[in-house]
Amino acid sequence: MKMRKPKVKLIGEDGNAFAVLGKVSRALRKAGLHEEAKKYVVEATAGDYNHLLQVTMQYVEVE
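Taking this note's numbering, the leading residue of the sequence shown gets 2, the next gets one more, and so forth.
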């Protein structure tokens, strides 16, 4: 089953990895995707900034 991705506006947040992490994990939790939020943080912090952005796009729709 494919999860429905919440939409997240990241304009103004790019360049700040902690802001992106916080905004995306909050959006996932708000959508009721608590386990996905935990997985997202682990996966997103497993690499560099480009990795963070790639993982972010897997979990949410970026506006």
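For every residue, glycine included, the Cβ atom is placed at its ideal position computed from N, Cα and C.
Query                                                                                                                                                                      : Result
Drop a sphere of 10 angstroms on the beta-carbon of Val43, count the other beta-carbons inside from all chains shown, and report buried for 16 or more, exposed for fewer. : exposed
Note the first and the last residue of the continuous alpha helix (DSSP H) segment covering Lys39.                                                                         : His35 to Ala45
So Val61 and Val9 are in contact, right, with Cβ under 8 Å, and what is the actual spacing, rounded?                                                                       : 5 Å
Which residues in the same chain as Met2 place their Cβ atom closer than 7 Å to its Cβ, once the five residues preceding and following it in sequence are excluded?        : Only weak support is given to the placement of Met2: the predicted model assigns it a pLDDT of 43, under 50, and the question is left unresolved by the model.
So, for Ala45: in the same chain, excluding its five sequence neighbours on each side, which residues have a beta-carbon less than 7 Å away from its beta-carbon?          : Leu22, Leu53, Val56 and Thr57
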